[in-house]
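Counting from 96, one number per residue, gives the positions in the sequence shown under this note's numbering. The beta-carbon is built from N, C-alpha and C at its ideal position, and this holds for glycine as well. Everything numeric in this text was worked out from a predicted model, so none of it was measured. So the structure is just underneath, and the comments pick up after that.
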Amino acid sequence: MIELPDLAAGGLAVGTLSALALSGGLLRSRRQRAVQRDEIAALRAHLDGVVQTFAAEIEHLAAKRIPAAARRLSHPHVTVPGPLQLRAAGSSLGVAMENVLDQLRVELTAQHLRVDAAAQAGMRGATREIQAALYRLQDALRGLQQQYDDPELTQTLFELDHENEQSLRRAQVAAVVCGAWVGLAREESHVVDAVTGGQARLTGYHRVRVNNHLEPGTALVSHAVEPVAIIVAELLDNALRHSAPDTDVVVNLEHVHHGVCVTVDDAGLGMTQDERARAQRMVAGTEPILLTDLGDPPRMGLAAIGQLTRQFDLSVDLSSPSPYGGVRGVLRVDSHLLTRIDPDARPPAASAPRPTRRTQEDEPARGTSHDYVPEPETHGPRPTAEGLPQRRRRTRATTDRPAVAEQRPTARRPEEAAAALGGLQAATAAARSETAEHDTERDDHEGGTAR
């Protein structure tokens, strides 16, 4: 029989052991909770860091990366910054932000193209109206030239007509940049006539020296005449604008293996390598032309050349400097755009420089360069000897060439000059009206097709 003291002692021992076990469990539980609290605190700190990093990346994306990506669409030299944290570049966050930039570029490009297309459509309509008004003014001026015989008044009207021709050229270039048709349907023409026709549209045409090394009768097919004249005019305009007013711009017409080259050299400041590369990209016609890329105010000359080279299978090169220190522009016309005109049955304009081969045979004492005053263009049948008279080529007198000055033809009386110019302007007005009717019919046809 167990005595009570022993029983009490046993119970006390069991209670003590139980208390010890409970206290050990409580201690372990406290330690685990402490560890869990530390882990939770660390996770919260990490989460706060991730949130701060995400917020900083989003803020950097909105403030720096998106504006740079938008500017890069029109300025390729702009660098788009990367993420703030390098390790974010390959993470899911970095991939998501790159997708945002890609979608932004796609949408901005689409919007840019839509806006630019709308602007070009509006400019095409405006230039069509301006060209029509300038053609009407041209007809009025030439009508006045026919009406009055006063030589001084005729000369003033001729100068106004030349200013109007320059305005027409600018409107035509703007229309071409915006995708419009060149605007004139011309018959087959001598290459030298197309070159001097482009020259006649410029203010400083007297500074251009043309050397014609082509075989007599070398001509352009009808649909290439006006594009070549426009391209030559723009190349000459750039050369005249960016060279000193007391220097000449030299033009050489040469045969090459696959066609004809028109080389324009000026003695200006030239272009840097970056400027030359950009100009070459524009005239190549391989990239779409946007009005917003042409500056403010927009410079449309090279852009118009690019449109024409693409549309008419021509080639323009601006990659080489001129031997005179400026810029060299080379227009190449391939053989499929060339034809031949009998120079005896239909000679070039009287003001056009004569081929050097003929000059060497018939006039060995004279040089191969010719200074001349271009005659007004007649976009249609050329006046013949039996029809209306043509203007004669004139050579400027200089102190070092007295023999050439003595060989000038006798100056016509003012009445004769006025009558000749009036007859020529009458033919020009008739040709202009024919081409205007052709343009109107073409515009109506295109408008009906578009609708």
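Residues of the same chain with a CB within less than 7 Å of the CB of Pro418, apart from the 5 flanking positions on each side, are Asp360 in chain order. If you check the CB distance, Leu385 and Ala398 do not come in under 7 Å.
With contacts defined as CB atoms closer than 7 Å, Arg231 and Ala275 fail to qualify as a contacting pair.
Scanning Arg265, Asp391, Pro392, Thr381 for the CA closest to the CA of Asp408 turns up Thr381.
Unbroken alpha helix (DSSP H) runs of no fewer than 4 residues, entirely contained in the stretch 312-384, are found at 317-336, 368-379, following chain order. Contact between Leu255 and Val286 is ruled out by a C-beta separation of about 30 Å, above the 8 Å threshold. Straight-line spacing of the CA atoms in Leu248 and Gln241 works out to 11 Å.
A distance below 7 Å separates the beta carbons of Glu329 and Gly396. Using a C-beta cut-off of 8 Å, the stretch 429-438 makes contact with the stretch 301-318, since at least three inter-stretch Cβ pairs fall below that distance. If you compare the alpha carbons of Leu426, Leu239, Arg223 with that of Ala319, the shortest gap goes to Leu426. If the five residues before and after Thr404 are omitted, its C-beta is found closer than 8 Å to the C-beta atoms of Ile326, Val378, Ala379, Gly380, Ser410, Val411, all from its own chain and listed in chain order.
Comparing alpha carbon positions, the residue from Ala270, Ser262, Ser187 closest to Ala212 is Ala270.
For Asp439, the secondary structure class from DSSP, reduced to helix, strand or coil, is coil.
For Val425, DSSP records a beta bridge to Thr358, Asp412. When only Cα atoms are considered, Asp391 and Thr204 end up about 20 Å apart. In the displayed model, Arg394 falls within coil according to three-state DSSP, outside both helix and strand.
Taking 7 Å as the cut-off, the Cβ atoms of Arg281 and Glu321 count as close.
With a cutoff of 7 Å on beta-carbon distance, Gly292 and Ala324 are scored as near each other. Secondary structure of Thr434 (DSSP, three-state): strand.
By the criterion of a C-beta distance shorter than 6 Å, Gln233 is surrounded in its chain by Asn259, once the five residues flanking it on both sides are discounted. Taken through DSSP and simplified to helix, strand or coil, Val277 comes out as coil. Secondary structure at Arg304: strand, using DSSP grouped into helix, strand and coil. Here the C-alpha atom of Leu252 lies approximately 36 Å from the C-alpha atom of Val428.
Ser187 has no beta-bridge partner at all, per DSSP. Residue burial is scored here from C-beta neighbours: Ala289 has at least 16 other C-beta atoms within 10 angstroms and is therefore classed as buried. Taking a contact as a CB-CB distance under 8 Å, the pair Glu202 and Leu179 does not count as one, their CB atoms being some 25 Å apart.
Gly299 is the residue among Ala372, Gly299, Asp197 whose C-alpha sits nearest the C-alpha of His257.
DSSP places Thr251 inside the alpha helix (DSSP H), whose first and last residues are 246-272. Under the three-state reduction of DSSP output, Ser118 falls in the helix class.
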